[in-house]
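A quick write-up on the structure given underneath.
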Amino acid sequence: MSEPTPNLFFETVKAYQRTAALKSAIELGVFEAIAQDHTNATQLAKHCQSTERGINILCDYLTVKGFLNKSNNRYQLTPDSETFLNPKSTEYLGSAIDFLLSEPMLTAFQNLTTAVQKGGTALPQEGTLAPDHPAWTAYAKGMAPVMKWPAQLLAEYLDPKADRPLNILDIAAGHALFGLAFAQRNTQATVTALDWPNVLTVAQTHAEEHDLLEQFKTLSGNAFETEFTETYDITILANILHHFNQDTCITLLKKVHNNLNQSGRVAILEFIPNNDRISPPEDASFALVMLATTPQGNVYTFDELNTMCLASGFSRTESHALGHGEQQVVIGHK
Numbered sequence: 033m034s035e036p037t038p039n040l041f042f043e044t045v046k047a048y049q050r051t052a053a054l055k056s057a058i059e060l061g062v063f064e065a066i067a068q069d070h071t072n073a074t075q076l077a078k079h080c081q082s083t084e085r086g087i088n089i090l091c092d093y094l095t096v097k098g099f100l101n102k103s104n105n106r107y108q109l110t111p112d113s114e115t116f117l118n119p120k121s122t123e124y125l126g127s128a129i130d131f132l133l134s135e136p137m138l139t140a141f142q143n144l145t146t147a148v149q150k151g152g153t154a155l156p157q158e159g160t161l162a163p164d165h166p167a168w169t170a171y172a173k174g175m176a177p178v179m180k181w182p183a184q185l186l187a188e189y190l191d192p193k194a195d196r197p198l199n200i201l202d203i204a205a206g207h208a209l210f211g212l213a214f215a216q217r218n219t220q221a222t223v224t225a226l227d228w229p230n231v232l233t234v235a236q237t238h239a240e241e242h243d244l245l246e247q248f249k250t251l252s253g254n255a256f257e258t259e260f261t262e263t264y265d266i267t268i269l270a271n272i273l274h275h276f277n278q279d280t281c282i283t284l285l286k287k288v289h290n291n292l293n294q295s296g297r298v299a300i301l302e303f304i305p306n307n308d309r310i311s312p313p314e315d316a317s318f319a320l321v322m323l324a325t326t327p328q329g330n331v332y333t334f335d336e337l338n339t340m341c342l343a344s345g346f347s348r349t350e351s352h353a354l355g356h357g358e359q360q361v362v363i364g365h366k
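Offset between the sequence shown (1-based) and this note's numbering: plus 32.
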C-alpha cells in the first residue's frame with residue numbers, strides 16, 4: 033500500500049491556475065501564433081501584444097502542463113494542441129471556453145456550497161433554465177465544434193442510407209448541428225430547430241453556413257409550452273434531460289411520443305453513468321454541473337432513462353456509444 037500523499041489536494045486546489053493560463057493563451061492567440069511560426073518570446077510578445085516577461089512565464093507554464101514543447105528557447109505545439117487549440121484546425125475547441133468559462137458557469141461553482149445545502153443551484157430564478165438565459169447563446173456559439181462529430185455519428189447511426197424523407201425535430205437545438213447533420217447527409221430530410229429566439233439566430237447562421245436553409249425551419253419557445261405543429265420521424269433530445277428531475281423528463285418525453293409518427297424514434301444524447309453513479313468518471317462527474325447550475329437536474333443511468341421512456345409510452349429502448357466520446361445515445365422506439 034502506498035504512503036498517503038497531499039498531491040491530489042494541492043492539484044485540485046490549484047486547478048484554477050491551469051484553467052486561467054489556458055484561457056489567457058486562447059484569448060491572446062498564443063497557440064495560433066506558434067502555429068504561424070512565431071515561436072520565441074520576442075516574436076510571441078509582439079504578435080500577442082504582450083510583454084516578453086509575461087509570454088515567457090505563461091508559455092513555460094503551459095509547457096510544464098503539457099500544452100507546449102520547448103527547445104532552445106522556442107516553443108512548439110504538442111500534437112493535442114495542434115489539433116484542438118490551433119484555430120486553423122478543423123477540430124479546434126478553443127471557442128468552448130466562451131460557454132464553459134462564462135460568467136454564469138463560474139458564478140454557479142463559486143456558490144457550490146450553497147447549492148449543496150439547497151440541493152440545487154444558487155443562481156437566481158431557475159439558474160441556467162431561466163427563460164432566454166444568455167448562457168445558451170454562448171453555448172450555441174462556443175460548443176458547436178465540440179458537438180460536430182457526435183452529431184455526424186448520430187445521423188449516420190439513425191439514417192445510415194440517407195435515402196428517404198425524414199421530418200426531424202431538434203429540441204433545445206442550440207447550435208442545431210444535430211439536426212443539420214441529418215440534412216447534410218440526406219437531401220430529403222427536413223429539420224425544425226426549437227429554442228429561444230436569440231439561440232435560433234445562431235442556429236440559422238449555422239444552417240446558412242452549411243447551405244441548408246431550404247431544409248431548415250425554426251420554432252421559437254419553450255419545449256414544454258410550445259405546440260409541436262407537425263409529427264416527426266425523429267426527435268432529438270441532445271443534452272437536455274439532465275437539466276430536469278425524472279417527472280419533468282417524463283412530461284417532455286410524453287409530449288415527444290405523442291408527436292412522433294407511428295415508427296418514430298427519439299434520440300436522447302446524454303452523460304450516462306453506470307448504476308454505481310461513480311463511473312465512468314466524466315459521465316458521473318457531470319451530476320455536479322447540474323447541481324451547480326439547475327434546480328433539480330441530474331445525470332441518469334440507462335435503467336433510469338429506460339424507465340422514463342417506457343413510462344412515456346415508448347415500446348422499447350436501446351443504447352449506443354457514439355464513437356470514442358464520453359456520451360451515449362438512447363433510442364426510444366414508438
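The beta-carbon is built from N, C-alpha and C at its ideal position, and this holds for glycine as well.
Exposure of residue i, with buried meaning 16 or more beta-carbon neighbours within 10 Å
i, result
"residue 159", "buried"
"residue 332", "buried"
"residue 151", "exposed"
"residue 60", "buried"
"residue 33", "exposed"
"residue 89", "exposed"
"residue 71", "buried"
"residue 138", "exposed"
"residue 68", "exposed"
"residue 191", "buried"
"residue 107", "buried"
"residue 123", "exposed"
"residue 265", "buried"
"residue 315", "buried"
Anticipated Cβ contact below 8 Å, residue i with residue j, distance rounded
i, j, result
"residue 267", "residue 298", "5 Å"
"residue 37", "residue 155", "Contact flag wrong, Cβ pair sits at about 36 Å."
"residue 213", "residue 186", "7 Å"
"residue 256", "residue 284", "6 Å"
"residue 117", "residue 63", "4 Å"
"residue 269", "residue 250", "17 Å between Cβ atoms; not a contact."
"residue 193", "residue 294", "Going by Cβ atoms, the distance from residue 193 to residue 294 rounds to 20 Å, so no, they are not a contact pair."
C-alpha distance - residue i paired with residue j, whole-angstrom precision
i, j, result
"residue 99", "residue 259", "48 Å"
"residue 353", "residue 74", "46 Å"
"residue 218", "residue 311", "36 Å"
"residue 329", "residue 35", "38 Å"
"residue 195", "residue 220", "7 Å"
"residue 157", "residue 327", "9 Å"
"residue 338", "residue 348", "8 Å"
"residue 104", "residue 54", "23 Å"
"residue 319", "residue 271", "12 Å"
"residue 51", "residue 286", "41 Å"
Pair within 7 Å by beta-carbon distance, residue i and residue j
i, j, result
"residue 162", "residue 131", "no"
"residue 273", "residue 281", "yes"
"residue 226", "residue 200", "no"
"residue 134", "residue 167", "yes"
"residue 176", "residue 125", "no"
"residue 57", "residue 109", "no"
"residue 323", "residue 147", "yes"
"residue 236", "residue 301", "no"
Where residue i falls: helix, strand or coil (DSSP)
i, result
"residue 331", "coil"
"residue 279", "helix"
"residue 310", "coil"
"residue 66", "helix"
"residue 266", "strand"
"residue 102", "strand"
"residue 173", "helix"
"residue 352", "strand"
"residue 271", "coil"
"residue 207", "coil"
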